[in-house]
Amino acid sequence: MNELLPSESSLLVPEIPTDLPRIQVDTAWAIDVDRTLSSVDAGLQRLASLGEAYGIPGIQLFEGYQKAKDAKVKFDPLESYRTQLHPTAYKEFCTTLSRPDLEPAITYADTPRFLGRIVGPRTVLTYAQHVPFQRIKLQSLAYRGYAHILDHTNKGPLIESWRAPTGAFDFLGISKEGESLAIYSANRVNLIDDNDQSHQNLPPESTGFYLRRPEETNIVPPSSSLPEGVVAISSLDEIPDYNVSHSLPESPEEPFAYIPLSEARRPLLWLGGILVTSLTADELEGSRTA
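Offset between the sequence shown (1-based) and the working numbering: plus 149.
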């Protein structure tokens with residue numbers, strides 16, 4: 150079972166009212182995390198640096214990472230810290246690791262600029278080999294809202310599953326308290342991701358932005374040619390503006406998070422600034438009693 154941090158608790162969206170305002174928008178966004186919003190290199194450096202302060206040599210992390218990479222097996226970056234630290238110290242370690250102000254910063258400079266200028270629904274759609282570490286990284290990002298953590302990179306069919314019978318992609322806008330505010334119907338969902346496999350089988354309306362950051366050493370090698378409708382970029386600043394030239398209809402208040410309507414009844418994990426779905430039944434029960 151994946152461990153829960155002390156700051157984590159569960160949230161279940163109440164029954165969705167049938168009379169919610171419905172707001173039509175042009176574009177929604179599905180955004181990856183690693184090498185897209187945050188740096189893998191900086192994340193590992195942060196983990197190693199903090200571990201040094203707890204008396205655990207950083208070389209253990211990098212050697213374990215390289216061995217797993219060479220063997221092509223999953224890597225648990227928290228394992229050496231979880232096994233060598235007292236449980237109380239380990240919880241403190243994870244809480245400190247998730248602080249947005251901890252150095253080195255793992256958020257790219259263009260991340261807050263991009264998040265500040267896009268309009269309409271946005272969700273994080275991220276693959277993770279190790280979910281607890283992904284949750285920690287999510288907490289340290291500038292992003293606030295809904296995140297779906299996947300155990301695969303086949304994101305196109307998942308995005309297609311968000312399509313409503315009308316043909317649009319419906320998202321539930323909720324307040325920070327979980328109150329339903331409005332339903333946003335988007336004509337398309339654009340994906341931003343550094344993995345070429347994630348851009349396969351996108352809905353035909355979608356534009357894929359294949360992000361290849363030159364400063365990252367941990368780049369996933371391309372394994373196939375890019376499908377039609379996918380654009381290669383090297384920065385979030387290269388993504389054109391959508392919806393900027395016309396104002397959106399007003400909802401009762403600006404939603405804190407946009408959840409695909411098809412996922413709105415799934416149990417959520419509340420991380421303060423992020424609502425995450427990736428829970429097993431055991432994890433949900435654990436979060437209720439934490």
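Note that the Cβ used here is the ideal one computed from N, Cα and C, for glycine as well.
DSSP bridge partner residues for residue i (one or two, in chain order)
i, result
"Y442", "Residue 442 lies beyond the range of the chain shown here (150 to 439); nothing can be said about it."
"Q173", "S334"
"H235", "Partner(s): none; H235 has no beta bridge."
"L321", "I332 and I408"
"L307", "Per DSSP, none; premise fails for L307."
"D183", "S187"
"L424", "Y295 and W419"
"R414", "R414 is not bridged to any residue."
"L160", "L417"
"R312", "F318"
Backbone CA spacing between residue i and residue j [nearest angstrom]
i, j, result
"H348", "I298", "17 Å"
"R131", "A291", "Nothing in the structure corresponds to residue 131, since the chain is present only between 150 and 439."
"P353", "F318", "13 Å"
"F98", "Y391", "Residue 98 cannot be examined here, being either before or after the span of the chain that is shown, 150 to 439."
"E201", "I423", "28 Å"
"P314", "S411", "11 Å"
"L307", "K286", "23 Å"
"L274", "Q288", "15 Å"
"R171", "I332", "5 Å"
"A439", "L418", "Its pLDDT being 35, under 50, A439 is placed unreliably in this model, and the value from its coordinates should be taken loosely. Rounded to whole angstroms, A439 to L418 spans 12 Å at the Cα level."
"L227", "F282", "7 Å"
"Q346", "R312", "21 Å"
"R284", "Q173", "31 Å"
"L234", "E241", "10 Å"
"P409", "L251", "32 Å"
"S198", "A335", "42 Å"
"C243", "L210", "15 Å"
"R414", "K325", "16 Å"
"V425", "Y295", "6 Å"
"L360", "S383", "5 Å"
"P261", "R293", "11 Å"
"P270", "G322", "8 Å"
"Y276", "R184", "12 Å"
Burial state of residue i (16 or more Cβ within 10 Å)
i, result
"V222", "exposed"
"I165", "exposed"
"L186", "buried"
"S394", "With a pLDDT of only 49 at S394, under the threshold of 50, the placement of this residue in the model should not be trusted; the figure read from the coordinates follows. Exposed: under 16 other Cβ atoms inside 10 Å."
"L161", "exposed"
"P163", "exposed"
"R337", "buried"
"R248", "exposed"
"G316", "exposed"
"S355", "buried"
"G357", "buried"
"K218", "exposed"
"S329", "buried"
"G421", "exposed"
"F343", "It should be noted that the sequence gives Asp, not Phe, for residue 343. Its Cβ being crowded by 16 or more others within 10 Å, D343 is buried."
"A179", "buried"
"P363", "exposed"
"A238", "exposed"
"D451", "It is not possible to answer for residue 451, since the shown part of the chain is limited to 150 through 439."
"K216", "exposed"
"P253", "exposed"
"D175", "exposed"
"D168", "exposed"
"T272", "buried"
"A177", "buried"
"N303", "exposed"
"P404", "buried"
C-beta neighbour in chain B for residue i, strict 9 Å
i, result
"A317", "Checking the listed chains, one finds no chain B in this structure; it contains a single protein chain."
Say whether the region 203-212 touches the region 176-192, bearing in mind that this needs 3 or more beta-carbon pairs closer than 8 Å, one atom from each stretch.
Segments in contact, no.
Touch test, the region 295-315 against the region 245-257, Cβ-Cβ under 8 Å, three pairs minimum:
The region 295-315 is not in contact with the region 245-257.
At what residue ranges does the region 231-296 contain a whole run of the beta strand (DSSP E), taking only runs of 3 or more?
Unbroken beta strand (DSSP E) runs of no fewer than 3 residues, entirely contained in the region 231-296, are found at 271-276, following chain order.
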